[in-house]
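Contents: one structure, followed by commentary.
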Amino acid sequence: MDKVTKNRVVVVGGGASGLMAAIAAAENGAKVTILEHQDRVGRKILMTGNGRCNLTNMSDVRGKYYSSDSDSLDRIYDTLVRFDAGKTRDFFKRLGLYTKEKRDGGVYPVSEQAAIVLDVLQSACFRLGVCIRTNCEITAVRPVRSGGGTVSVAQYICVEQEQKKQNRDKSRRIAKKEEIRYDQLILATGGKAAPVSGSDGSGYELAKRLGHSIIEPLPALVQLRCEGFFFKALSGVRAQGRVWLLIDGQETASEEGELQLTDYGISGIPVFQMSRLASRAIYDGRRCEAGINFISYIAQANSGVFDETIDNHMKTFSYKTVEEFLSGLVHKKVAAVVCRRNGIASGKTVGQTKAAKIADCIRMLADFRVKITAPNSFENAQVCCGGVPLDEVDENFMSRRYSGIYIVGELLDCDGICGGYNLQWAWATGAIAGTDAALRTVP
Ligand SMILES: Cc1cc2nc3c(=O)[nH]c(=O)nc-3n(C[C@H](O)[C@H](O)[C@H](O)COP(=O)(O)OP(=O)(O)OC[C@H]3O[C@@H](n4cnc5c(N)ncnc54)[C@H](O)[C@@H]3O)c2cc1C
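Numbering (the numbering used here), first residue to last: -14 to 428.
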């Protein structure tokens, strides 16, 4: 492409979606600048998958994402086909990074190092001449109705004071202000989750100032805080089981897997998967509870097999204390709490206790109810639910308010379950928007 005709694409935010958008735009001939307000790009990528980066998932994406607008989400599923998990793997392979698929469809770099994912993205930016500017605060965006516009930027530069001379260990930040012109602007600032990585929610303000509405962002893929004095005693327990979410008494979601109990509530992948529903329900003032089945491996409670197994077990072990007896079924700490909640003293044996009382304990192991009071904070959340409504962007993630402004990644009101779907969302939205931005005819 002729140098003069190159689209000037400015990307605000150098996270997963921003880096992908920048590379896609540059590969399609645009002159690209990334404006990042932290001192480096891609900080959150380094945190993903416990440092291993579950970068996508090969399973069907339908049903793996949530949004407050399910109609628009259906439309978006058709869009996501244009940059699916296979394309993500091909993209990284093209950058020299081989990936491997695990049994659940989750895809990781072969080395299982998140750092290498960031390295190849940065090196592609360098090769394609993408200008990465860090420590940049965006103070205003001024779109022009006919297309394009300017971004006001304050770039902070650390200036070493004459500390050596003055024997002071201080530096000061000064801001260099400038206006940057763009033909297309891509907002890729992320949401509010894990703000230490740079996603501090400032992107919502930028979108709002451009006339977009914001669905209240809430923590998702996060631990849930629960009521109950016994949680202190349960802290540290890991148990395989089923957990289900009740909103105003109605079962709304159910997950099976490894649960973790903490001194304030419940955690683990099954809890993370349903946490966004709990977050939204609590925000809406609805009653939220979780039910836990610690003995789902036996059978469903109240089924014939279940009753028979427990009956036989009680007859065989009538000499054991109830706590010991229950400890054969679940973690000792859970057994102790269940005995306490049913008023059974620690020395009491199965033989000395009414069968109905023991049946109550067993029922509680199969349906341990807790009241959910709140999600944990954004600091602990992996993603946000909420953001810019999906119906405010088109099929290329371009704003319906301003032509030439795109909104991608977590800033949009769409969040995925655990398993690589959130990064896939970032890659897909970034790639589609970046390509469209580069190829769009400038008026
Ligand atoms: C601990 C943790 C583990 C995770 N693990 C996984 C995983 O294994 N698999 C998976 O699929 N997902 C995972 N996620 C979720 C995934 O990381 C995010 O969904 C994804 O990174 C979002 O990409 P993004 O580009 O939209 O936003 P971000 O990655 O948050 O990037 C936004 C960027 O914009 C910058 N920025 C923000 N505001 C401004 C501003 N005003 N001006 C300039 N720059 C700005 C930020 O500093 C940041 O660099 C995890 C998240 C966390 C916190």
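By construction, the Cβ of each residue, glycine as well, lies at the ideal position given by its N, Cα and C atoms.
Item	Value
Exposure of T33, with buried meaning 16 or more beta-carbon neighbours within 10 Å	buried
Distance cut-off 7 angstroms: I10 Cβ against heavy atoms of ligand 1	Contrary to the premise, residue 10 reads as Ala rather than Ile in this sequence. Not so, every heavy atom of ligand 1 lies at least 7 angstroms from the Cβ.
Contacts around S260, its chain only, beta-carbon distance under 7 angstroms, and the 5 residues preceding and following it disregarded	A205, L206, V207, L209 and P360
Cβ-heavy atom distance, L203 to ligand 1, below 7 angstroms	no
Chain-order list of residues whose beta-carbon lies under 6 angstroms from that of F257 (same chain, five-residue window excluded)	L206 and C403
Three-state secondary structure assigned by DSSP to F353	strand
Counted within 10 angstroms of its Cβ, other Cβ atoms place S2 as buried (16 or more) or exposed	buried
Under the three-state DSSP convention, the category I369 falls into	Note that residue 369 corresponds to Cys in the displayed sequence, not to Ile. DSSP places C369 in strand when its eight states are reduced to three.
Status (buried if at least 16 other CB within 10 Å, exposed otherwise) for K339	exposed
L191 Cβ short of 7 angstroms to ligand 1 heavy atom set	yes
CB contact flag (A6, V319, <8 angstroms)	no
Cutoff 6 angstroms; reference G91; Cβ partners in own chain excluding five residues on either side	N39, N42, G404 and G405
Beta-carbon separation (whole angstroms), V105 vs G71, contact threshold 8 angstroms	V105 to G71, Cβ: 18 angstroms. No contact.
R118 and I19 closer than 8 angstroms at C-beta	yes
Opposing strand residues paired with C324 [DSSP bridges]	The partner list for C324 (beta bridge, DSSP) is empty, contrary to what the question assumes.
N361 CB to nearest heavy atom of ligand 1 below 7 angstroms	no
Reduced DSSP secondary structure (H/G/I, E/B, other) of Y50	strand
Pairwise C-alpha distance: T(-10) and A422	13 angstroms
Within 8 angstroms, strictly: CB atoms of P255 and L246	no
Per-residue burial, N407 [other beta carbons within 10 Å of its own, 16 or more giving buried]	buried
Span of the beta strand (DSSP E) around E243	Q235 to L246
Cβ separation of A263 and I343, assumed to be a contact under 8 angstroms, to the nearest whole Å	That pair is no contact at about 32 angstroms.
Backbone secondary structure at E380 - three-state DSSP	coil
Proximity to I200 [Cα-Cα], best of M383, C370, A160 and V26	C370
Candidates D296, P180 and V335, of which the one nearest K305 by Cα	V335
C-alpha gap between R166 and G372, whole angstroms	26 angstroms
Close beta carbons around E163, own chain, < 6 angstroms, minus the five adjacent residues each side	V138
Nearest-angstrom Cα separation, counted from M383 out to V(-3)	14 angstroms
Within 8 angstroms, strictly: CB atoms of Y50 and D292	no
Local Cβ density within 10 Å of N278, reported as buried at 16 or more and exposed below that	buried
Beta-carbon separation (whole angstroms), I232 vs R271, contact threshold 8 angstroms	5 angstroms
R194 - DSSP class collapsed to helix/strand/coil	helix
Three-state secondary structure (DSSP) of I200	strand
7 angstroms Cβ shell around C110 - same chain, five flanking residues per side excluded	L4, A7, I8 and I117
Ligand 1 heavy atom lying under 7 angstroms from the CB of R74	no
Where the beta strand (DSSP E) through V307 begins and ends	That residue, V307, is in no beta strand (DSSP E); its alpha helix (DSSP H) goes V307 to S312.
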